[in-house]
Structure formats: C-alpha cells, structure tokens
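J.:
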Ligand SMILES: [Zn+2]
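Numbering (the working numbering), first residue to last: 45 to 203.
(1) Could you check if residue 205 is buried or exposed, using at least 16 other CB atoms within 10 Å of its CB as the buried criterion?
(2) Taking 7 Å as the cut-off, is the CB of residue 66 close to at least one heavy atom of ligand 1?
(3) Are there 16 or more other CB atoms within 10 angstroms of the CB of residue 137, so buried, or fewer, so exposed?
(4) Apart from the five residues just before and just after residue 74, which ones in its own chain have a Cβ nearer than 6 Å to its Cβ?
(5) At 3 residues or longer, and completely inside the stretch 59-123: list those beta strand (DSSP E) runs for me, N to C.
(6) Pair every Cβ in the stretch 163-175 with every Cβ in the stretch 102-119, then say whether three or more of these pairs are closer than 8 Å.
(7) Under the rule that 16 or more other beta-carbon atoms within 10 Å means buried, what is residue 100, buried or exposed?
(8) Sort out for me which residues DSSP pairs residue 134 with in a bridge.
(9) Shortest alpha-carbon distance to residue 116 belongs to which of 122, 123, 110, 132?
(10) Going by DSSP, name the residue or residues bridged to residue 156.
(11) Quick check: what's the CA-CA separation for residue 125 versus residue 187?
This is the structure we're talking about:
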C-alpha cells in the first residue's frame with residue numbers, strides 16, 4: 045500500500061442517528077436534513093410535554109429505521125389529520141407527519157446525538173409561545189442546591 049502525502053480528507057457523516065429514551069427505537073436520516081424548525085403550536089407542546097418542540101424535517105425516503113419501527117404507536121390528530129408516532133414503551137415522540145406534506149416527516153431534534161446538517165432557524169406558531177419558556181435570561185447558582193441555577197426571582201409573565 046502506498047503512502048499518500050496528502051492528509052486524509054475529512055468527510056462529514058452521511059447520516060445522523062436518533063434514538064428514543066429506552067433505546068427500543070432507533071432510526072437514521074441522511075444529512076443534511078431538509079430543514080429544522082421550532083414548533084410552538086399547542087398540539088406539539090402537549091405531545092412533547094415541553095414549552096415547544098424542535099424538529100428536524102426530512103424526506104421520508106431519507107429515513108431508515110435501525111430498529112423498533114414495530115414498537116411505534118400512532119396517534120392521528122382528529123382536527124388536522126396529522127399523525128404522531130411515539131415509542132410504545134417509553135413514550136418518546138419519534139415521528140410527526142403532517143397531512144399537507146405527505147412525502148416529509150419531522151423528527152424531534154433532541155433525539156439526535158450528532159449534527160443533522162441544519163440549524164433550527166424557523167419558528168412556527170411563534171404567537172403561541174408561552175411566557176414561562178426559558179429565553180436565555182441571566183442565571184445564577186441557587187444557594188444550597190448544587191447544580192441548580194435560577195433567575196433570582198425576577199417577575200415576568202403569569203407563571
Ligand atoms: Zn423507547
């Protein structure tokens with residue numbers, strides 16, 4: 045084998061892996077993803093149990109289940125026809141498929157351990173953002189509670 049004088053070319057990974065909390069479900073997508081976005085809508089807020097959901101959108105043709113596709117439970121939203129699939133063992137949201145985009149699928153950004161080739165730059169339903177969501181306020185250690193920080197008791201929003 046001949047030695048090359050040039051440094052090995054660093055290639056970006058061709059895929060990114062996502063996994064649920066219990067590990068039963070794992071999938072991979074081709075990167076870069078199509079787009080990434082923050083969803084402040086009430087249905088996504090409730091489905092995630094979080095202030096808002098951040099999704100990675102991609103084409104269904106670029107998603108491959110590594111394991112556990114049979115572990116998914118589906119919930120179809122009666123008003124929109126959107127389908128949310130989650131791990132039937134641990135409840136982690138896995139897929140969000142919207143009726144108006146049948147070739148696309150959205151996967152929570154938080155499930156990916158690595159980059160997906162897209163920054164979440166877009167916000168949907170920003171007017172629904174909760175006034176208790178953390179927006180990067182300055183924080184300081186809470187005395188007597190190691191690892192806990194707080195905003196010092198500043199009043200903002202309705203709580
Ligand atoms: Zn799971």
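From the three backbone atoms N, C-alpha and C, an ideal C-beta is built for every residue, glycine too. Remember, predicted model here, so these are calculated numbers, not experimental data.
T.: The short version:
(1) Residue 205 lies beyond the residue range present for the chain, which begins at 45 and ends at 203; the question has no answer from this structure.
(2) Numbered from 1 along the chain shown, position 22 holds the residue referred to as residue 66. Yes; taking the cut-off as 7 Å, the Cβ of residue 66 has a heavy atom of ligand 1 nearer than that.
(3) Residue 137 sits at position 93 when you count from the first residue of the chain shown. Residue 137 is buried by the Cβ-count criterion.
(4) The sequence position of residue 74 within the chain shown is 30, counting from 1. Excluding residues within five positions, the ones whose Cβ falls inside 6 Å are 59, 106.
(5) 59-63, 70-74, 79-83, 97-103, 107-111, 116-120
(6) no
(7) Along the chain shown, one-based indexing puts residue 100 at 56. Burial call: buried.
(8) If you number the chain shown from 1, residue 134 lands on position 90. Paired residues: none, contrary to the question.
(9) The residue you call residue 116 lines up with position 72 of the chain shown. Taking only the C-alpha atoms, the option nearest residue 116 is 132.
(10) Stepping through the chain shown from its first residue, residue 156 is reached at position 112. Note: residue 156 sits in a beta bridge opposite 62.
(11) Position 81 of the chain shown, counted from the start, is the residue given in the question as residue 125. Position 143 of the chain shown, counted from the start, is the residue given in the question as residue 187. One C-alpha to the other measures close to 48 Å.
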